[in-house]
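>
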Amino acid sequence: MRTLLSRLIHSTPSISRLNTTAVCGRNLCTDSNKVDEPFKTEEAETVNVPPPPTEKLLVLGGNGFVGSHICREALERGLSVASISRSGRSSLHDSWAGNVTWYKGNILSTDSLKEALNGVTAVISCVGGFGSNSYMYKINGTANINAIRAASDQGVKRFVYISAADFGVVNYLLQGYYQGKKAAETELLSKFPYGGVILRPGFIYGTRSVGSMKLPLGVIGSPLETVLQVAKPLNQIPLIGPLLTPPVNVTAVAKVAVRAATDPVFPPGIIDVYGIQRYSQHKSN
Ligand SMILES: NC(=O)c1ccc[n+]([C@@H]2O[C@H](COP(=O)([O-])OP(=O)(O)OC[C@H]3O[C@@H](n4cnc5c(N)ncnc54)[C@H](OP(=O)(O)O)[C@@H]3O)[C@@H](O)[C@H]2O)c1
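Structure below.
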């Protein structure tokens, strides 16, 4: 009987994880007191409980100003977090940075994205930048469009894109920037009609790290937000109205972005700065 039991235990992986006490049922049966009891298979059964479903978030540009706040917020919410950017690991020495999987790659190349997207359930893109008009279109538009398509092809469920508020006349001066943002937004709404969220903040303030220096942008941004919040009706005035869009705190943007990426009932579509402020005040689950 023991020989049979032993053979069974060693040849069946799920049973081999049990100890012999459990296999022998109510009677204590260890190697030291070899009692030949008929073993009860129903008590030897193991239930292969799958691990709890884990949300895996990929932040595009997780080492930037907004991206680093998003990584930190997502880790605090218990997500598994990875980031991809051209320079890879964040230069920040904060402890949370050690818990992010850092990929180095240019999202203009689909190959760079493949490995980083493996097993990912949601993506937040913080990739954007300034320069010549063609460069701005490429970084804000083409690079993000490439990432949106790659994510859709890999079955990612939700995609959040940090776009930008419409500043009216300024759009004309930064054509490549806004046209790139608009092109990426259009692609996102088409590829992720149910799980695509576009955040359109104006100026984002908070502590921005530049090398070893920390710039407290909130010194200007925070009071300006309060003042311009009151001036909301003036936002409708043609030409100058959009310039009065209130700035928003980076922690509010991060909070809403992570929620939009993980909450299956978060409404898809465009969220303006007032929406970001509103959602950031909602209690997280
Ligand atoms: N900051 C604001 O006030 C503000 C306001 C409205 C909207 N936004 C938008 O919010 C987003 C984040 O802004 P931010 O201030 O955090 O900018 P940021 O600090 O310059 O971050 C941009 C990130 O994108 C990465 N990146 C750029 N090109 C890339 C590429 N081809 N492949 C992979 N990664 C790339 C950069 O990392 P590498 O350089 O290492 O690649 C960096 O991590 C941008 O889309 C921006 O337009 C910002």
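The opening residue of the sequence shown carries number 64 in our numbering; numbering runs sequentially from there.
Where a beta carbon is used, it is the ideal one built from N, C-alpha and C, also for glycine.
(1) Work out the CA separation of Ser-175 and Tyr-337 for me, nearest whole Å.
(2) Quick one: does the C-beta of Pro-264 sit closer than 7 Å to a heavy atom of ligand 3?
(3) Do the stretch 314-334 and the stretch 223-230 make contact, defined as three or more Cβ pairs closer than 8 Å?
(4) Would you identify the three-state DSSP class for Ala-145, choosing helix, strand or coil?
(5) Kindly indicate which residue of Leu-280, Val-311, Gly-130, Leu-138 has the alpha-carbon position closest to the one of Thr-289.
(6) Consider the C-beta atom of Ala-206 and the heavy atoms of ligand 1; say whether any pair is separated by less than 7 Å.
(7) Can you determine whether any heavy atom of ligand 1 sits closer than 7 Å to the C-beta of Ala-137, and answer yes or no?
(8) Counting C-beta neighbours from all protein chains within 10 Å, is the total for Val-316 16 or more, i.e. buried, or is it exposed?
(9) Out of Gly-161, Ser-148, Trp-165, Ala-160, which one is the CA nearest neighbour of Ser-172?
(10) Rounded to the nearest angstrom, what separates Gly-192 and Asn-126 at their Cα positions?
(11) Contact defined as beta carbons within less than 8 Å: I believe Val-219 pairs with Val-183. What is the distance between those atoms, to the nearest angstrom?
(12) Measure the Cβ-Cβ separation of Leu-251 and Tyr-268 and say whether it is below 8 Å.
(13) Tell me whether Asn-234 counts as near ligand 1, meaning its Cβ is closer than 7 Å to at least one heavy atom of that ligand.
(14) By Cβ distance below 6 Å, which residues in the same chain neighbour Arg-151 in space, the five residues on each side in sequence not counted?
(15) Am I right that Leu-120 and Ser-143 are in contact with their C-beta atoms under 8 Å? What's the rounded C-beta distance?
(16) Which partner residues does Gly-259 have in the DSSP bridge list?
(17) Do the CB positions of Ile-133 and Ala-320 come within less than 8 Å of each other?
(18) If you reduce the DSSP assignment to three classes, tell me which class Gly-168 lands in.
(19) Measure the beta-carbon distance from Ser-188 to Gly-239 and round it to whole angstroms, keeping in mind my assumption that it falls under 8 Å.
(20) What do you get for Cys-92, buried or exposed, if any count of 16 or more other CB atoms within 10 angstroms of its CB means buried?
Quick answer:
(1) 35 Å
(2) Absent from the structure shown: ligand 3. Ligands present: ligand 1.
(3) yes
(4) strand
(5) Val-311
(6) yes
(7) no
(8) buried
(9) Ser-148
(10) 14 Å
(11) 6 Å
(12) no
(13) no
(14) Sequence inspection shows Gly at residue 151; the Arg mentioned does not correspond to that position. Closer than 6 Å at the Cβ level, and outside the excluded window around Gly-151, lie Trp-165, Lys-167.
(15) 7 Å
(16) Phe-222
(17) yes
(18) coil
(19) Not really, about 17 Å apart at Cβ, beyond 8 Å.
(20) The predicted model places Cys-92 with a pLDDT of 36, which falls under 50 and marks its position as unreliable; any figure quoted below should be read in that light. The residue in question, Cys-92, is buried, as its Cβ has 16 or more Cβ neighbours within 10 Å.
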